[in-house]
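Asks: The sequence shown runs -23 to -1, 1 to 1007 under mature numbering (1 follows the signal peptide of the UniProt record, and there is no 0).
Just passing along the structure, written as structure tokens.
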Amino acid sequence: MNRKLLLLLGVLHLGIWPENAQAHRLARNNATVQFRADQTVSGRVTAENGDVLPGVTVMMKATTTGTTTDIEGNYKISVTGPSAILVFSYVGYATREITVGNSSVADVKLSTDDKNLNEVIVVGYGNQERRDVTGAVSMVKSQNIKDLPLTSADQKLSGQVAGVQVSQVTGTPGGGVVVRVRGSGSLGAGDDPLYVIDGFPVTNSFDKSTNPLSALNPDDIESITVLKDASSTAIYGSRGANGVILISTKQAKAGTSKIEFNAYGGFQIAPQRSKIKMMNAEQFANFRTDYRQDLAKFEGRTFDPASIPADYQNPSALGAGTDWYDVLTKTAAQQNYNLTFSKGTDNLRSVLSAGYFNQDGVIRNTGFERYSLRLNVDGSPMKNVRIGLNLNPSFVNRKIANTEGQSNTSLLTQGLLNSPVAAVYNADGTYNQRVTSTDAFVNANPLSTLLDTKNSSATARVLTNTYLEVTPLPGLTLKTTFNVDYTSARFDLFKASTVGTFRNPPPQPATGSVINNSMINWLNENTLTYNRTFGKHRFDALLGYTVQKEVYRQNATYGASYPSDAVETINAATAVTAGADYQEWRLLSYLARINYSLADRYLLSVAIRRDGSSRFGVDNRWANFPSVSGAWRVSEEHFFPKTPWVEEVKIRASYGLSGNNNIGNYAYIPRIGTDNYNFGGTLASGFLLSSLANSQLGWESSRQTDLGLDVALLKGRLYVSAEFYNRHTEDMLQTLDIPASSGFSSAITNVGNVRNRGFELSVNSKNAVSGKFKWDTDFNISFNRNKVLDIGGKTQILSGELSSNITKVGQPMGMFYGFDFQGIVQNQTELDAIPKYAGQVVGSVKYRDVNEDGKIDVNDRTTIGSPYPKFTWGMTNRFSYGKLDMSVLITGVQGSQIFDVYKRFTTNIDGVFNVEEAVKDRWRSPEQPGNGEIPTTNASTSWSRELNSLWVKNASFVSVRNITLGYTIKTPSKFSARVYASGQNMFLFSPYKGGWPELSYQGNSSLAPGINYTGYPVPVSYILGVNFQF
């Protein structure tokens, strides 16, 4: 037996299938149970629109006699006589029964199944019909998101699922989005959900510029399932606390053969709403003149017009000057091509797809390019045995630019601050490298910096899943899988001598680096499932054992002081340094689950997983994660009124425990570092402990209670699901300060408690289903409230650059932190009456004396805003009329705020850098008080640059995320053609004027969300596409 199984696996990997076994299997599956055949019936099964339906199951009722339709939708079956009843069933269509009668031909049309109750959805380690689900599970089908011109699967979840907030924190090509399932619950171990691709939990370390999920071609995805409550995520144990997202790739269907080609192309633009309104050349020249006049008046001297630099003597002649935002941005192309071959028989199904995607960035010298290939093969070469292979190699190229952060790092911020009077090029065509002002500070030309910096990455990734499945007895299945995820990445950076930095124009010493990373992640899972039905009793059981290991390696080389820009290799540098890193982790798990149904009325599910992780201390390495859930299908009770408009009413409840192990691999052990010590005037190098050991370090745990109600009305045309949840995250992993007497300043430990509580509502309706016009709507809305209950005895934690955020007991995590802005001091009388900071004058900003000690200092900083919305929602409307179709996706966020920290620079009125147009309306005198927000140029700029509530803005918005219009032509043969046009992020309605309202400099940080330092603009996309099917 072992030799046969090894032979079968070898044959599978070679792509060779025994023809005799295939023929035997076909014959066996197409045969019917032997009985006395009085009549033969044949016919063709089609959809309402005329499409043939291959693979439809045709059964004679109350018997085991059956067959399936062939590739043309044809069937043939022997029946016992005219009274026989044939049952036609097909996924996605309503089951239909017909009485044979005396005819020998029965053509059948199936209508779309509006009930969706028998829809099969993917859950952890298995599948379930929707009607049997007892947990909080939502599924998104590929057909609902296929037209979205986006890079990765996580981006396509925006607005699709209640309880899932997808934030587009950057517009970087191939960059990541922030996904939160039912809020943020961790202070130090991350809040990203676990992603599982075809059963393989993969590593998805978030990075705004290099999203690992972007290596997966979205055109290969069949469905995305989100597990939200602990009863559905506990089966993933220590990695399920933040929710689990299951991605299933496309599989061929039995009895089908199809070739599909999909292509689109278009362009992207950086929208004007992303452009901060800075002064143009004429305005800036006038401002600099006014600045000198105000300063002379404040100092009690006569203004000397000759003090105005020559560049600004004639403002009206300067015109608009240079718009540096426009210089750095451009209209960018986007294109995508995907070719798929699929074929399925009863014993062999295969899919082969190849894809190419290219997204040029709207900021120059940035972009994303992906080549992908996928092979999915599974089949049954012998009775009761199935084997499969899923192979997905991909190659991704990226061009990256530093466009986020403060003025000393972000090219966008530098561009905003540069003088609009300065030209991009000199008269001889070379770059103008003096672009700030004629005063002390001189910036490098940001266009020169952008184009003369070579910052790229090349990533090769191979994701492989193989399995062997044996069914020795009816209902009993043994399955073993072996999965490998291998990634190799190279990051190349070279800054020529023509690349300057903030306030340091070129020439500068050229620098370069080469970083090589590799990661191999392998997983072996072994499961046993058993399914039985005894009268009204139906149950299935799962037992499993898994082992997973990941190894990460890095080699980095850095070069400096290149003698020439012509040679960019590291060995050309005169100063070379190198470094290396090696890390690994292991996870060993046991899992079990039982699902039980009594009379299809009372449902119960119990699951448990036991995990052991190498990431935790030897005294706390193992943990158990149990869950229980149940459902009562009230509509099946005898006392429930039988009305034609109520299809189903189901009440659900669940409770469970899941965990979070997303910390460093060696946090529990003492680490050794190097240091120098002076022995008698001689410097000696040695080793010392750099971190404190903690053998008790363990898991974050998340306890969640969920109550749900599912209602199907109007023969399934209206489906409503409502949920209430309460989630407590305990034993949070975070770094705490410890007494200096220990020899260390801090240590990581398990302390703290955060609560997330919320309500979700989903509505799916078929508004028009008959005739040529069809219209359906999906709507969801989510409410979540986050509250910190304990942070290990501390009262607060400050985080973010400049301590922009505060986490405090009794408040949500990561609230905005700063001074409470109270306006502008209008006169001396007001100045004398208020608590003051050092150097405060009339016309300066004033802040609230929070602690009421009669002065303004750092102790008056307080909570000044919240990045969290009151609710989020999404709505998709899909229309069709004959051959025309249209879909509209709208998303909304209400009540959130954004902290425009970039205004520290763009409203800094020290007269050196360019400023926003709003500075024209600053305070100049009691008679010219301005707009009450911008202080006098005579005030201390240090206090006006302090983080304050004036920069906290309302970031509520309604976004028309996508509009798609298509036209489809179908022929009597299998050929169909569709042409479509699509627009992404076309319309945004928001009181926020600083660009895209979800931008966040800190990316996915839950301790410092919502900070806007200016970021890569989120583009508007317009595409035209075609789809051909054969």
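For each residue, glycine too, the CB sits at the ideal point set by N, CA and C.
(1) Helix, strand or coil for Trp301? Go by DSSP, reduced to three states.
(2) Taking DSSP's pairing of strands, which residues face Met963 in a bridge?
(3) With a CB to CB cut of under 6 Å and the five nearest residues on each side skipped, what residues in its chain are close to Ala8?
(4) Buried or exposed: Gln11, going by 16 or more other Cβ atoms within 10 Å of its Cβ?
(5) Based on the DSSP output, what are the partners of Thr726 in its beta bridges?
(6) Which residue's Cα is closest to the Cα of Arg530: Thr510, Asp558, Ala537, Thr504?
(7) Looking at Ser902 and Pro974, is the spacing between their C-beta atoms short of 9 Å?
(8) Assign Thr706 to buried or exposed, taking buried as 16 or more other Cβ atoms, counted over all protein chains shown, within 10 Å of its Cβ.
(9) Can you tell me where the beta strand (DSSP E) with Thr147 in it begins and where it stops?
(10) When you compare the CB of Tyr993 with every CB in chain D, is at least one pair closer than 9 Å?
(11) Let's see if you can read the secondary structure: which residues bound the alpha helix (DSSP H) around Arg347?
(12) In the structure shown, what three-state DSSP assignment does Gln773 receive?
(13) Could you pull the DSSP bridge partners for Val583 from this structure?
(14) Three-state secondary structure (DSSP) at Tyr645?
(15) Ignoring anything shorter than 4 residues, give me the alpha helix (DSSP H) runs that lie fully in the segment 66 to 91, in order along the chain.
(16) DSSP three-state label for residue 1068, please.
(17) If you follow the alpha helix (DSSP H) that Phe876 is part of, which residue opens it and which one closes it?
(18) Starting from Tyr268, follow the alpha helix (DSSP H) in both directions and report where the run begins and ends.
(19) Where are the beta strand (DSSP E) runs, 3 residues long or more, that stay fully inside the segment 603 to 690, in chain order?
(20) Cα separation between Glu446 and Thr712?
(21) Which residue wins for smallest C-alpha separation from Ala71, given the options Pro59, Ser115, Val117, Thr23?
(22) Whose CA, out of Asp323, Glu625, Lys307, Ser742, lies closest to the CA of Trp752?
(23) With H, G and I counted as helix, E and B as strand and the rest as coil, what does DSSP make of Arg250?
(24) So, at 7 Å on beta carbons, what are the nonlocal neighbours of Asn442 in its own chain, with the 5 sequence-adjacent residues on each side left out?
(25) Between the C-alpha atoms of Gly820 and Gly296, what's the straight-line distance to the nearest angstrom?
(26) What is the residue span of the alpha helix (DSSP H) that Phe882 lies within?
(27) What three-state label does DSSP hand Ala14 in the structure shown?
(28) Can you confirm whether the segment 348 to 368 touches the segment 222 to 239 when touching is taken to mean that 3 or more C-beta pairs between the two stretches lie within less than 8 Å?
(29) Excluding the five sequence neighbours on either side, which residues of its own chain have a C-beta within less than 6 Å of the C-beta of Asn432, listed in chain order?
(30) Following the continuous beta strand (DSSP E) through Ser208, name the residue where it begins and the one where it ends.
(31) Just the Cα atoms here: how many angstroms apart are Asn836 and Glu910?
(32) If you pair each beta-carbon of the segment 242 to 252 with each one of the segment 190 to 201, do three or more pairs fall below 8 Å?
(33) For Val878 and Leu393, what's the separation of their Cα atoms in angstroms?
(34) Would you call the CB atoms of Lys254 and Ala932 closer than 9 Å?
(35) Check each candidate in Ser115, Lys86, Leu581 and name the one with the smallest Cα separation from Arg159.
(36) Buried or exposed: which applies to Lys880, given that a residue is buried once 16 or more other Cβ atoms fall within 10 Å of its Cβ?
Replies: Checking against the coordinates, here is how it stands:
(1) Against the sequence shown, residue 301 aligns to sequence position 324. In this structure, DSSP gives Trp301 a helical state, which the three-state scheme calls helix.
(2) By one-based count along the sequence shown, residue 963 stands at place 986. In the DSSP output, where bridge partners are listed per residue, Met963 has none listed.
(3) Translated into positions along the sequence shown, residue 8 becomes position 31. For Ala8, the predicted model reports a pLDDT of 32, less than 50, meaning its position is unreliable; a value from the coordinates is still stated below. Around Ala8: no qualifying Cβ.
(4) Stepping through the sequence shown from its first residue, residue 11 is reached at position 34. At Gln11, the pLDDT of 34 sits below 50, so the modelled position is not reliable and the matter cannot be decided from this model.
(5) For the purposes of this step, residue 726 is taken as the residue at position 749 of the sequence shown. The partner list for Thr726 (beta bridge, DSSP) reads Gln711.
(6) Position 553 of the sequence shown, counting from 1, holds the residue named residue 530. Proximity to Arg530 across Thr510, Asp558, Ala537, Thr504 peaks at Asp558, based on C-alpha coordinates.
(7) Taking the sequence shown and counting its residues from 1, the one referred to as residue 974 is at position 997. Taking the sequence shown and counting its residues from 1, the one referred to as residue 902 is at position 925. Contact flag unset, no.
(8) To locate residue 706, count along the sequence shown from 1; it is residue 729. Residue environment analysis places Thr706 among the buried positions, since at least 16 neighbouring C-beta atoms fall within 10 angstroms of its C-beta.
(9) Stepping through the sequence shown from its first residue, residue 147 is reached at position 170. Segment: none, Thr147 is in no beta strand (DSSP E) and carries neither H nor E.
(10) Of the protein chains in the structure, only one exists, and it is not chain D.
(11) As a working note, residue 347 is residue 370 in the sequence shown. Segment 344 to 359 is the beta strand (DSSP E) holding Arg347; no alpha helix (DSSP H) there.
(12) Against the sequence shown, residue 773 aligns to sequence position 796. Gln773 sits in a strand when the DSSP states are folded into three classes.
(13) Translated into the one-based positions of the sequence shown, residue 583 becomes position 606. The partner list for Val583 (beta bridge, DSSP) reads Ile571, Val605.
(14) Along the sequence shown, read from residue 1 onward, the residue named residue 645 stands at position 668. Tyr645 falls in the coil class under three-state DSSP.
(15) The segment 66 to 91 contains no whole alpha helix (DSSP H) run of 4 or more residues.
(16) The structure shown has nothing for residue 1068, since the chain only spans -23 to 1007.
(17) Here residue 876 corresponds to residue number 899 of the sequence shown, with the count starting at 1. First-last for Phe876: 874 to 876, but that is the beta strand (DSSP E), not the alpha helix (DSSP H).
(18) As a first step, residue 268 must be located in the sequence shown, where it is residue number 291. Its alpha helix (DSSP H) spans residues 258 to 275.
(19) Correct list: 623 to 637, 649 to 656, 659 to 666, 677 to 690.
(20) Taking the first residue of the sequence shown as 1, we reach residue 446 at position 469. Taking the first residue of the sequence shown as 1, we reach residue 712 at position 735. Distance from the CA atom of Glu446 to the CA atom of Thr712, rounded to whole angstroms, is 45 Å.
(21) As a working note, residue 71 is residue 94 in the sequence shown. For the residues Pro59, Ser115, Val117, Thr23, the minimum Cα distance to Ala71 belongs to Thr23.
(22) Taking the first residue of the sequence shown as 1, we reach residue 752 at position 775. Trp752 has its Cα closest to that of Ser742, out of Asp323, Glu625, Lys307, Ser742.
(23) Counting from 1 along the sequence shown, the entry for residue 250 is found at position 273. Residue state, collapsed to three classes: helix.
(24) On the sequence shown, residue 442 is found 465 positions in, with the first residue counted as 1. Excluding residues within five positions, the ones whose Cβ falls inside 7 Å are Asp175, Gly176, Phe177, Asn367, Thr458, Asn460.
(25) On the sequence shown, position 843 is the one that residue 820 refers to. On the sequence shown, position 319 is the one that residue 296 refers to. Distance from the CA of Gly820 to the CA of Gly296, rounded to the nearest whole angstrom, comes to 30 Å.
(26) Along the sequence shown, read from residue 1 onward, the residue named residue 882 stands at position 905. Where Phe882 is concerned, the enclosing alpha helix (DSSP H) stretches over 880 to 883.
(27) Indexing the sequence shown from 1 puts residue 14 at position 37. With a pLDDT of only 48 at Ala14, under the threshold of 50, the placement of this residue in the model should not be trusted; the figure read from the coordinates follows. Look at Ala14 here: in three-state DSSP terms it is coil, with no helix or strand label.
(28) With three or more CB-CB distances shorter than 8 Å, the segment 222 to 239 counts as touching the segment 348 to 368.
(29) Walking along the sequence shown from the start, residue 432 turns up at place 455. Once the five neighbours on either side are set aside, the close Cβ partners of Asn432 are Ile377, Leu470.
(30) For the purposes of this step, residue 208 is taken as the residue at position 231 of the sequence shown. Not the beta strand (DSSP E): Ser208 falls in the alpha helix (DSSP H), residues 207 to 210.
(31) Looking up residue 836 in the sequence shown gives position 859. Looking up residue 910 in the sequence shown gives position 933. The alpha-carbon of Asn836 is positioned some 23 Å away from that of Glu910.
(32) At 8 Å Cβ cutoff, the stretches do not touch.
(33) Within the sequence shown, residue 878 is the residue found at index 901, counting from 1. Within the sequence shown, residue 393 is the residue found at index 416, counting from 1. If I take the Cα positions, the gap works out to 14 Å.
(34) As a position in the sequence shown, residue 254 is number 277, starting the count at 1. As a position in the sequence shown, residue 932 is number 955, starting the count at 1. No, the Cβ-Cβ distance between Lys254 and Ala932 is not below 9 Å.
(35) Within the sequence shown, the letter at position 182 stands for residue 159. Comparing Cα positions, the closest option is Ser115.
(36) Taking the first residue of the sequence shown as position 1, residue 880 is located at position 903. Flag for Lys880 reads buried.
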